[in-house]
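Line order of the protein sequences matches chains A and B. Taken in order, the first sequence gives residues 4 to 483; the numbers are from the working numbering. Taken in order, the second sequence gives residues 22 to 276; the numbers are from the working numbering. A quick write-up on the structure given underneath.
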Amino acid sequence: MTQNSAVSQILEKSYEYGFLTEIESEKIPKGINESVIKLISAKKKEPKFLLDFRLKAYSKWKNMKEPKWADLGYPDINYQDIIYYSAPKDIDKKNSLDEVDPEILKTFDKLGIPLNEQKRLSNVAVDAVFDSVSVATTFKEKLAEDGVIFCSISEAVQKYPEIIKKYLGKVVPINDNFFAALNSAVFSDGSFVLIPKGVTCPMELSSYFRINSGDTGQFERTLIIAEEKSSVSYLEGCTAPMFDTNTLHAAVVELIALDDASIKYSTVQNWYSGDKNGIGGIYNFVTKRGLCKGKRSKISWSQVETGSSITWKYPSCILKGDSSIGEFYSVALTNNKQIADTGTKMLHIGKNTKSTIISKGISAGHSKNSYRGLVHIGSESSGAKNYSQCDSLLIGDNAEANTYPYIHSQRMNASIEHEASTSKISEDQLFYLKSRGISSEEAVSMMVSGFCRDVFNKLPMEFASEADSLLELKLEGTIG
Amino acid sequence: MSSKQIILEVKDLVAGIPGERILNGVNLKIYENEIHAIMGRNGSGKSTLSKIIAGHPSYEIISGKILFRNIDINSLEPEERSQKGIFLGFQYPIEIGGVRNIDFLRVSVNARRKELNQAELDSFEFEEWIEEKLDIVKMEKNFLDRGVNEGFSGGEKKRNEILQMALLEPIISILDETDSGLDIDSLRIVAKGIKTLHSNKTATILITHYQRLLNEIKPDYVHVMKDGKIIKTGNKELAIQLEESGYEMLETINK
Numbered sequence: 004m005t006q007n008s009a010v011s012q013i014l015e016k017s018y019e020y021g022f023l024t025e026i027e028s029e030k031i032p033k034g035i036n037e038s039v040i041k042l043i044s045a046k047k048k049e050p051k052f053l054l055d056f057r058l059k060a061y062s063k064w065k066n067m068k069e070p071k072w073a074d075l076g077y078p079d080i081n082y083q084d085i086i087y088y089s090a091p092k093d094i095d096k097k098n099s100l101d102e103v104d105p106e107i108l109k110t111f112d113k114l115g116i117p118l119n120e121q122k123r124l125s126n127v128a129v130d131a132v133f134d135s136v137s138v139a140t141t142f143k144e145k146l147a148e149d150g151v152i153f154c155s156i157s158e159a160v161q162k163y164p165e166i167i168k169k170y171l172g173k174v175v176p177i178n179d180n181f182f183a184a185l186n187s188a189v190f191s192d193g194s195f196v197l198i199p200k201g202v203t204c205p206m207e208l209s210s211y212f213r214i215n216s217g218d219t220g221q222f223e224r225t226l227i228i229a230e231e232k233s234s235v236s237y238l239e240g241c242t243a244p245m246f247d248t249n250t251l252h253a254a255v256v257e258l259i260a261l262d263d264a265s266i267k268y269s270t271v272q273n274w275y276s277g278d279k280n281g282i283g284g285i286y287n288f289v290t291k292r293g294l295c296k297g298k299r300s301k302i303s304w305s306q307v308e309t310g311s312s313i314t315w316k317y318p319s320c321i322l323k324g325d326s327s328i329g330e331f332y333s334v335a336l337t338n339n340k341q342i343a344d345t346g347t348k349m350l351h352i353g354k355n356t357k358s359t360i361i362s363k364g365i366s367a368g369h370s371k372n373s374y375r376g377l378v379h380i381g382s383e384s385s386g387a388k389n390y391s392q393c394d395s396l397l398i399g400d401n402a403e404a405n406t407y408p409y410i411h412s413q414r415m416n417a418s419i420e421h422e423a424s425t426s427k428i429s430e431d432q433l434f435y436l437k438s439r440g441i442s443s444e445e446a447v448s449m450m451v452s453g454f455c456r457d458v459f460n461k462l463p464m465e466f467a468s469e470a471d472s473l474l475e476l477k478l479e480g481t482i483g
Numbered sequence: 022m023s024s025k026q027i028i029l030e031v032k033d034l035v036a037g038i039p040g041e042r043i044l045n046g047v048n049l050k051i052y053e054n055e056i057h058a059i060m061g062r063n064g065s066g067k068s069t070l071s072k073i074i075a076g077h078p079s080y081e082i083i084s085g086k087i088l089f090r091n092i093d094i095n096s097l098e099p100e101e102r103s104q105k106g107i108f109l110g111f112q113y114p115i116e117i118g119g120v121r122n123i124d125f126l127r128v129s130v131n132a133r134r135k136e137l138n139q140a141e142l143d144s145f146e147f148e149e150w151i152e153e154k155l156d157i158v159k160m161e162k163n164f165l166d167r168g169v170n171e172g173f174s175g176g177e178k179k180r181n182e183i184l185q186m187a188l189l190e191p192i193i194s195i196l197d198e199t200d201s202g203l204d205i206d207s208l209r210i211v212a213k214g215i216k217t218l219h220s221n222k223t224a225t226i227l228i229t230h231y232q233r234l235l236n237e238i239k240p241d242y243v244h245v246m247k248d249g250k251i252i253k254t255g256n257k258e259l260a261i262q263l264e265e266s267g268y269e270m271l272e273t274i275n276k
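Below you can see the structure in the form of structure tokens.
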């Protein structure tokens, strides 16, 4: 396929994941209260410690206020108007894929994530989450040969309650923030990964989150533990149908890396972003945090954020182990009326800890794109080093880009470097490329992927090209 | 003369940016196998003319026409003009960070090849094909891996322009002050490249202030622009005269 026709095809597609799967779901009544939480917990046949965890979170949440500091300007959310649990009917955990509703399998086929054995990706294990529940996890047996546990968090609660009890809420405490508290009270499903000591996970692990129903919030919860000297690369993808109402997505992701372990967590977020006028779309309020607990451990976040009407997300690293490493590589693209407020926190606690932040924000249309980040060097963290680079690219005259870097250092000898730039795709650049036979759309997407190259290089191979074409798609109509 | 195909015709062209007229009736006819030089002081309209021919969106045509092989190109986008074989070598080539030179060149070449109904080149084929072209401008292969013009010296930028000309094989090349800011060695390389690429089926316009490029490339015609008009046309001798006596000489003629 030629470059030109590929681009024009992409440009014509608009949001190709906006379809709705007609399926019977079991939903609980709208609203949140103690009995709703008890109902969710009962449906999932949870042990008492987890119900207590939820109820405690709920009582904290009731007294918390939505954070307003990011100035996201959305109308108040009526938390009693949301359904907190929705599952395809008769979902009670299937033993094999043959028993999963064919409509759901078709849905994932359409999303490019085939689950059945003939078609599925050969080197990626997938946990597929549909609304509030995980419907299938591939390659479980193969992974089990290496002792890798990869399953839905609901299954992990049943099978490995001691591990869940030990780690859940330890990186993101239940009262960490308003949305994390809400998630802790009502989380429905998500993925669980445990890589045992000394094991390099033999394949990419991936979760695919699909919101299907319009009035249901999605509150997924992911927990990844990498034991000593183990490593794993995990990727998540997200899409949702187009509705003209806003859907709340408030996830919590916790990562824990022990001595010499490494976790690479990549996200391609493509929730429905609302229409040109900002009607509809997902409110993506997510808390992601990794704890480098062990010495020389490493946690690396890469994200490509292109969807959602509002993104509020700061994947962070607590660098507790000596010589641990935290990384954050981000591309956030906003168009039309989208708002993204994203960045990271690097908390240097251990000695000789290192962090790298590379953030690329692209704002088009009437959108607003902010980088917000904190680098904190604690009093015990001798020899800490940070390098941050935050670049913004503006397309057109109506978009906004902001950078809010916060640096707190309690040590004199810490090495902290911060570079920032804001640029605009100039008419002269565009003319230069056009005068070489390249169309406006192709010129813009070329310049945007050039701008993002540092970050794309960090993505797993399978994702890098997907991310690239996703950006092209999202840039539809930004020029001329 | 009559058997020669006309390539470019500019007819009574009046044009400018909103609120300011820059060209005040330019007339120019260029046939295949011809090299034209356009000279004149800063602000005389030379660069504007070249940008308008290439389709720069900041300029508007108030009256008059530009015909490329007898077809009015006024409504064509810059990329369509390029695909059809109009090439503008920029006075100040733009830096485009992060975009690899070779990726840019390949997309550009394939756009032109598509117009010519030639098969497009994949990255392997292209890499092979470009190697011989690099020699024309004496460029090293590592140029191709750098960002487009990113951190290039003045001479490297100009050589990159000539490389693009070599790759696109245009029908008409308009080279806007390609000689400015070049040391003598780079000037020779660039001039040699231009000569190599000029053929009896193509035409070349050299926009320049100085005689020195014209010592390397002998033009068939020399035009002098002033206040948005061509005030005198002659042959190579005119350029030499200008070098000796300056533009004042013409200003008195013009009065």
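For each residue, glycine too, the CB sits at the ideal point set by N, CA and C.
Where residue i sits in the DSSP three-state scheme
{"i": "residue 199(B)", "result": "coil"}
{"i": "residue 453(A)", "result": "helix"}
{"i": "residue 235(B)", "result": "helix"}
{"i": "residue 90(B)", "result": "coil"}
{"i": "residue 332(A)", "result": "strand"}
{"i": "residue 131(B)", "result": "helix"}
{"i": "residue 299(A)", "result": "coil"}
{"i": "residue 10(A)", "result": "At residue 10(A) the pLDDT is 31, less than 50, meaning the model places this residue with poor confidence; the figure from the coordinates comes in the next sentence. Helix, per DSSP."}
{"i": "residue 20(A)", "result": "coil"}
{"i": "residue 270(B)", "result": "helix"}
{"i": "residue 249(A)", "result": "strand"}
{"i": "residue 103(B)", "result": "helix"}
{"i": "residue 109(B)", "result": "strand"}
{"i": "residue 348(B)", "result": "Only positions 22 to 276 of chain B appear in this structure, which leaves residue 348(B) out of reach."}
{"i": "residue 54(A)", "result": "helix"}
{"i": "residue 447(A)", "result": "helix"}
{"i": "residue 81(B)", "result": "strand"}
{"i": "residue 165(A)", "result": "helix"}
{"i": "residue 49(A)", "result": "coil"}
{"i": "residue 69(B)", "result": "helix"}
{"i": "residue 123(B)", "result": "helix"}
Closest by C-alpha distance to residue i, when choosing among the options
{"i": "residue 67(B)", "options": "111(B), 120(B), 241(B)", "result": "111(B)"}
{"i": "residue 216(A)", "options": "23(A), 339(A), 454(A)", "result": "23(A)"}
{"i": "residue 38(A)", "options": "259(A), 87(A), 153(A)", "result": "87(A)"}
{"i": "residue 169(A)", "options": "259(A), 331(A), 417(A), 191(A)", "result": "259(A)"}
{"i": "residue 316(A)", "options": "334(A), 325(A), 188(A)", "result": "334(A)"}
{"i": "residue 138(A)", "options": "302(A), 103(A), 447(A)", "result": "103(A)"}
{"i": "residue 228(B)", "options": "58(B), 73(B), 24(B)", "result": "58(B)"}
{"i": "residue 29(B)", "options": "81(B), 89(B), 84(B), 176(B)", "result": "89(B)"}
In DSSP terms, what residue i is bridged to
{"i": "residue 268(A)", "result": "237(A), 304(A)"}
{"i": "residue 246(B)", "result": "61(B), 251(B)"}
{"i": "residue 91(A)", "result": "28(A)"}
{"i": "residue 67(A)", "result": "DSSP lists no partner for residue 67(A)."}
{"i": "residue 344(A)", "result": "315(A), 373(A)"}
{"i": "residue 286(A)", "result": "251(A), 313(A)"}
{"i": "residue 351(A)", "result": "322(A), 380(A)"}
{"i": "residue 258(B)", "result": "DSSP output for residue 258(B) lists no bridge partner at all."}
{"i": "residue 291(A)", "result": "256(A)"}
{"i": "residue 218(B)", "result": "Bridge partners of residue 218(B): none, in fact."}
{"i": "residue 221(A)", "result": "252(A)"}
{"i": "residue 139(A)", "result": "131(A)"}
N-terminal and C-terminal residue of the alpha helix (DSSP H) that residue i is part of
{"i": "residue 144(A)", "result": "143 to 148"}
{"i": "residue 158(A)", "result": "156 to 162"}
{"i": "residue 45(A)", "result": "37 to 46"}
Continuous beta strand (DSSP E) stretch holding residue i: start and end
{"i": "residue 422(A)", "result": "418 to 427"}
{"i": "residue 52(B)", "result": "41 to 52"}
{"i": "residue 182(A)", "result": "Counting along the chain, residue 182(A) falls outside any beta strand (DSSP E), though it belongs to the alpha helix (DSSP H) covering 181 to 189."}
{"i": "residue 33(B)", "result": "27 to 38"}
{"i": "residue 229(A)", "result": "224 to 229"}
{"i": "residue 224(B)", "result": "224 to 228"}
- alpha helix (DSSP H) runs wholly inside the region 143 to 213 of chain B, at least 4 long, in chain order: 144 to 157, 175 to 189
- Message: To test your reading of the DSSP string, which unbroken beta strand (DSSP E) runs of 3 or more residues are found completely within the region 366 to 415 of chain A?
- Response: 371 to 380, 388 to 397, 403 to 412
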